[in-house]
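K.L.:
Mind looking over this structure? Questions follow.
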Amino acid sequence: METFILFKDLIGKTVYPSDWMVMNMVQNREFLQAINQFADTLTQMFLSSSSLELQGVAVFVGIHKNNKESGGTVTESPGDALELLRTKPLWNNYFHLAVAFLTQDSLQLENFSQAKRTTILAKYGDMRATIGAAIRDMWYNLGHHKIQFIPGMVGPILEMTLVPELELRKSTIPIFFDMMLCEYQLTKTFSMFEDEILHKLDSEVEGGRGDEQYKQLFQSILLSCCRNHPELAKPSENFVALVTGLLERLLDYRTVMNDENKTYSMSCTVNLLNFYKEIDRQAMYIRYLYKLKDLHVSYENYTEAAYTLLLHARLLKDIPGSPGHAWNDSHAKHVHCVREPHVPQKCSFYLALKEEQEDETRTVHDETLLSASI
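The numbers in numbering that gives the first Met the number 0 rise by one with no breaks, and the one at position 279 of the sequence shown is 278.
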């Protein structure tokens, strides 16, 4: 495991300047050979444990039973737990190392001139396609072990598929359907996968990754995959529509993020926060509420900024113990201390958040009055 971490650090801290193309490519070729050797060793020596497979399924099912029935338990022997702790980090570190290698700047051929790109392809080939195929094969080699890596591996796989290389995208996007299928076969839903990809997609696209081609490929490939699984057809179609709708809005938002036309910026921000509200992703909804507030403040629209903050205040309105709630503070604390001892701490946190948010609203409102009087 330490070897994986060391190699990942070496990839992230290359000693050669970016314009030393030959040295960087020779180094990457050696890295690629080493990573392929690691993959062979993992497959031969750390994939045959039946206890690891059984442990992963038992833990996953047990978690969902606890969530749904509040009565599910998982029994495990110390040997199984030790095997899980010993093996899973190795595979995690392999996947993270391989994705770090694939996404490093020195392999992004589209950033080179046409002459350099031609030279690299002729002498070294596109190492992204090679390692991408290896990651895909290693994922499928996991078999029933896959469930242990959902949702943890959704982010790294997403980062890999967003690399703007057509063949790489075509070969790796189907991994997402395999993740959906794997979770669905155990729980009859793929909510963990869906939540994770929606969350990661937002940050990845805002960071500059993703394009219209990716949106179209994602849609066509996943819909094609679900045709062979009728039981997943409808949920998959809904999921694909959800992701492509989000991608469309995120790409529009990224395009106008630094646009001087405030109408476009605000319109795209409102589209995104309304989208997150419709699909009940409150954390992301609040995130874009504050982006909208910041936009209003930057244009000195203080009244609109205050009303934007009030949208967040309404989400906090029904907290037990808050001034707007039917119960008073002492009653709320008494009832919840008896039934759920951990709830008062949660209430205290949200009450403090609400008070802070109300203070900010008053500040923005005061600035509005001040600007109006000048």
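A virtual CB, placed ideally from N, CA and C, is assigned to each residue, including glycine.
These numbers come from a predicted model, not from an experiment.
Need the endpoints of the alpha helix (DSSP H) that I149 sits in, please.
P.N.:
By one-based count along the sequence shown, residue 149 stands at place 150. Careful: I149 lies outside any alpha helix (DSSP H) and carries neither H nor E.
K.L.:
Shortest alpha-carbon distance to L294 belongs to which of L31, E182 and V255?
P.N.:
As a first step, residue 294 is located in the sequence shown; it is residue number 295 there, counting from the start. Of the listed residues, the one whose Cα sits closest to L294 is V255.
K.L.:
With 16 as the cutoff for other CB atoms within 10 Å, does N110 come out buried or exposed?
P.N.:
In the sequence shown, residue 110 corresponds to position 111, counting from 1. That one is exposed.
K.L.:
Which residue comes first and which comes last in the alpha helix (DSSP H) that contains L5?
P.N.:
What you label residue 5 is simply residue 6 of the sequence shown in a count that begins at 1. Segment E1 to G11, the alpha helix (DSSP H) holding L5.
K.L.:
For K332, which three-state DSSP category applies?
P.N.:
Along the sequence shown, one-based indexing puts residue 332 at 333. Note that K332 scores 37 on pLDDT, short of 50, meaning its location in the model is unreliable; the coordinates nonetheless yield the value given after this. It is helical.
K.L.:
If we count Cβ pairs, one from each stretch, closer than 8 Å, do we get three or more for the segment 109-124 versus the segment 165-174?
P.N.:
Result no; under three Cβ-Cβ pairs closer than 8 Å.
K.L.:
What number of angstroms, rounded off, separates the C-alpha of E195 from the C-alpha of F6?
P.N.:
If you number the sequence shown from 1, residue 195 lands on position 196. If you number the sequence shown from 1, residue 6 lands on position 7. Roughly 27 Å between the two C-alpha positions.
K.L.:
Can you name, in chain order, every residue of its own chain whose Cβ lies under 6 Å from the Cβ of E230, other than the five neighbours on each side?
P.N.:
Here residue 230 refers to the residue found at position 231 when the sequence shown is read from its first residue. Closer than 6 Å at the Cβ level, and outside the excluded window around E230, lies no residue.
K.L.:
Please report the residue range of the alpha helix (DSSP H) in which R28 lies.
P.N.:
Against the sequence shown, residue 28 aligns to sequence position 29. M20 to M44 is the span of the alpha helix (DSSP H), which, as asked, contains R28.
K.L.:
Does M44 pass the burial test, meaning 16 or more other C-beta atoms within 10 Å, or should it be called exposed?
P.N.:
As a first step, residue 44 is located in the sequence shown; it is residue number 45 there, counting from the start. Under this definition M44 is an exposed residue.
K.L.:
Which first and last residues belong to the alpha helix (DSSP H) in which H311 is found?
P.N.:
To locate residue 311, count along the sequence shown from 1; it is residue 312. Its alpha helix (DSSP H) spans residues Y301 to L314.
K.L.:
According to DSSP, is T362 part of a helix, a strand, or is it coil?
P.N.:
Position 363 of the sequence shown, counted from the start, is the residue given in the question as residue 362. Three-state result, T362: helix.
K.L.:
For the pair the segment 88-106 and the segment 146-160, tell me if three or more CB-CB distances fall below 8 Å.
P.N.:
Yes, since at least three Cβ pairs between the segment 88-106 and the segment 146-160 fall closer than 8 Å, the two stretches touch.
K.L.:
List in chain order: all unbroken alpha helix (DSSP H) runs of 4+ residues lying wholly within the segment 125-190.
P.N.:
Correct list: 126-140, 153-160, 165-171 and 173-186.
K.L.:
Where does V242 fall in DSSP's three states?
P.N.:
The residue given as residue 242 occupies position 243 in the sequence shown. It is helical.
K.L.:
Would you identify the three-state DSSP class for M256, choosing helix, strand or coil?
P.N.:
Here residue 256 is taken as the residue at index 257 of the sequence shown, counted from 1. Correct three-state label for M256: coil.
K.L.:
For the alpha helix (DSSP H) containing I285, name the first residue and the last one.
P.N.:
What you label residue 285 is simply residue 286 of the sequence shown in a count that begins at 1. Segment Q281 to S297, the alpha helix (DSSP H) holding I285.
K.L.:
Relative to the C-alpha of M137, which residue among L106, P16, F94 and A128 is closest?
P.N.:
Translated into the one-based positions of the sequence shown, residue 137 becomes position 138. Among L106, P16, F94 and A128, the Cα nearest to that of M137 is on F94.
K.L.:
Using the C-alpha atoms, what's the distance from Q215 back to T243?
P.N.:
In the sequence shown, the residue the question calls residue 243 occupies position 244. In the sequence shown, the residue the question calls residue 215 occupies position 216. Their Cα atoms are separated by approximately 8 Å.
K.L.:
Which term fits E259, buried or exposed, when burial requires 16 or more other beta carbons within 10 angstroms of its beta carbon?
P.N.:
Position 260 of the sequence shown, counting from 1, holds the residue named residue 259. E259 is exposed by the Cβ-count criterion.
K.L.:
In terms of alpha-carbon separation, which member of L89, V25 and D8 lies closest to F378?
P.N.:
Here the chain has residues from 0 to 373 only, and residue 378 is not among them.
K.L.:
Between E376 and N257, what straight-line distance do the alpha-carbon atoms span, to the nearest angstrom?
P.N.:
In the structure as shown, the chain begins at 0 and stops at 373. Residue 376 is therefore absent and cannot be evaluated.
K.L.:
Any contact of the segment 303-314 with the segment 283-290, i.e. 3+ C-beta pairs under 8 Å?
P.N.:
At 8 Å Cβ cutoff, the stretches touch.
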